[in-house]
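All the letters of the sequence shown, read from the start, carry residue numbers 46 to 264 under my numbering. Worksheet: one structure, shown below.
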Amino acid sequence: MSSGFAGTILRVDLTNSRIERLPLDMSLAEKFGGGLGLSIRLAYERIKPGADALSPENPVVFGAGPLVGTSLPATSRIYTVTKLPAGGAIGWCGGGGMSFGCLFKHAGFDHLIIEGRAEQPVFLKIVDDAVEICDARSLWGKGIDDTSEELWKKFGRPGGIVAIGPSGENRCSFAMAFVDRFSTLGRGGFGAVMGSKNLKAVFVQGTRGITVADRKHYR
Numbered sequence: 046m047s048s049g050f051a052g053t054i055l056r057v058d059l060t061n062s063r064i065e066r067l068p069l070d071m072s073l074a075e076k077f078g079g080g081l082g083l084s085i086r087l088a089y090e091r092i093k094p095g096a097d098a099l100s101p102e103n104p105v106v107f108g109a110g111p112l113v114g115t116s117l118p119a120t121s122r123i124y125t126v127t128k129l130p131a132g133g134a135i136g137w138c139g140g141g142g143m144s145f146g147c148l149f150k151h152a153g154f155d156h157l158i159i160e161g162r163a164e165q166p167v168f169l170k171i172v173d174d175a176v177e178i179c180d181a182r183s184l185w186g187k188g189i190d191d192t193s194e195e196l197w198k199k200f201g202r203p204g205g206i207v208a209i210g211p212s213g214e215n216r217c218s219f220a221m222a223f224v225d226r227f228s229t230l231g232r233g234g235f236g237a238v239m240g241s242k243n244l245k246a247v248f249v250q251g252t253r254g255i256t257v258a259d260r261k262h263y264r
């Protein structure tokens with residue numbers, strides 16, 4: 046890809062511990078603009094009518110738009126779309142942070158789809174093309190600060206993190222997730238959706254970079 050898109054959607058089935066890489070449909074990316082727009086489309090295709098927000102059937106879609114990972118200021122932003130427990134409506138959250146969006150794109154992904162529910166606490170580790178579902182029992186019960194520091198200590202910096210604390214683990218209907226220990230994905234109880242999947246955190250490191258189609262007009 047040379048258009049600001051990495052070209053790949055990462056799909057993770059926590060129930061069956063299955064990881065899949067799907068090619069990004071560029072016609073859809075151009076139609077919906079990537080980022081939030083395409084996240085909504087991907088969620089529309091997967092959220093079943095009547096599914097409970099805290100059930101394994103409720104997927105979570107993360108998205109990073111075509112400017113994320115470039116040198117333009119204030120573009121390291123991600124969006125999530127899912128059914129939210131506070132009101133039972135399908136909605137979106139947006140968060141900035143320092144590293145997550147940029148490193149997610151630099152790892153080679155535009156979107157992340159998380160489905161199902163793990164049998165025990167896990168975190169998702171993404172390092173370029175290496176993706177693992179890892180045991181998070183040692184992190185369960187810890188707050189955002191301790192969780193983030195432990196992951197950074199173990200895997201190093203720079204590293205992007207989306208994580209929940211005890212309120213998310215206990216599926217509190219207004220629980221938030223934090224991005225890089227700094228920004229929030231807080232609308233509608235998004236943290237509780239992660240908790241319902243036994244997903245403590247997503248950790249990402251990426252080194253591939255991103256290019257643009259027309260550098261002159263980009264500048």
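For glycine and all other residues, C-beta sits at the position ideal for the given N, C-alpha and C. Note that the structure is a prediction, hence the values are computed from the model and not measured.
Thr127 burial status per 10 Å Cβ neighbour count (16 or more: buried):
Indexing the sequence shown from 1 puts residue 127 at position 82. Buried, by the Cβ-count rule.
Cut-off 7 Å between Cβ atoms - residues of its own chain near Glu102, not counting five sequence neighbours on either side: Here residue 102 is taken as the residue at index 57 of the sequence shown, counted from 1. Correct list, in chain order: Lys93, Ala96.
### Task
Just mark Pro68 as buried or exposed, buried being the case when its beta carbon has 16 or more other beta carbons within 10 Å.
The residue you call residue 68 lines up with position 23 of the sequence shown. Flag for Pro68 reads exposed.
N-terminal and C-terminal residue of the beta strand (DSSP E) that Arg260 is part of
As a working note, residue 260 is residue 215 in the sequence shown. That residue, Arg260, is in no beta strand (DSSP E); its alpha helix (DSSP H) goes 260 to 263.
**Prompt:** Are the Cβ atoms of Leu129 and Gly139 separated by less than 8 Å?
**Reply:** Within the sequence shown, residue 129 is the residue found at index 84, counting from 1. Within the sequence shown, residue 139 is the residue found at index 94, counting from 1. The answer is no: Cβ separation not under 8 Å.
ask   = Is the beta carbon of Gly108 sitting closer than 8 Å to the one on Gly79?
value = The residue given as residue 108 occupies position 63 in the sequence shown. The residue given as residue 79 occupies position 34 in the sequence shown. Going by C-beta atoms, Gly108 is nearer than 8 Å to Gly79.
Close-in-space but distant-in-sequence residues of the same chain around Gly254 (CB under 6 Å, 5 per side omitted)
As a working note, residue 254 is residue 209 in the sequence shown. Same-chain partners within the cutoff: His151.
Discussion item. Could you tell me the alpha carbon to alpha carbon distance between Arg91 and Pro104, rounded to whole angstroms?
Written reply: As a position in the sequence shown, residue 91 is number 46, starting the count at 1. As a position in the sequence shown, residue 104 is number 59, starting the count at 1. Rounded to the nearest whole angstrom, the CA to CA distance from Arg91 to Pro104 is 7 Å.
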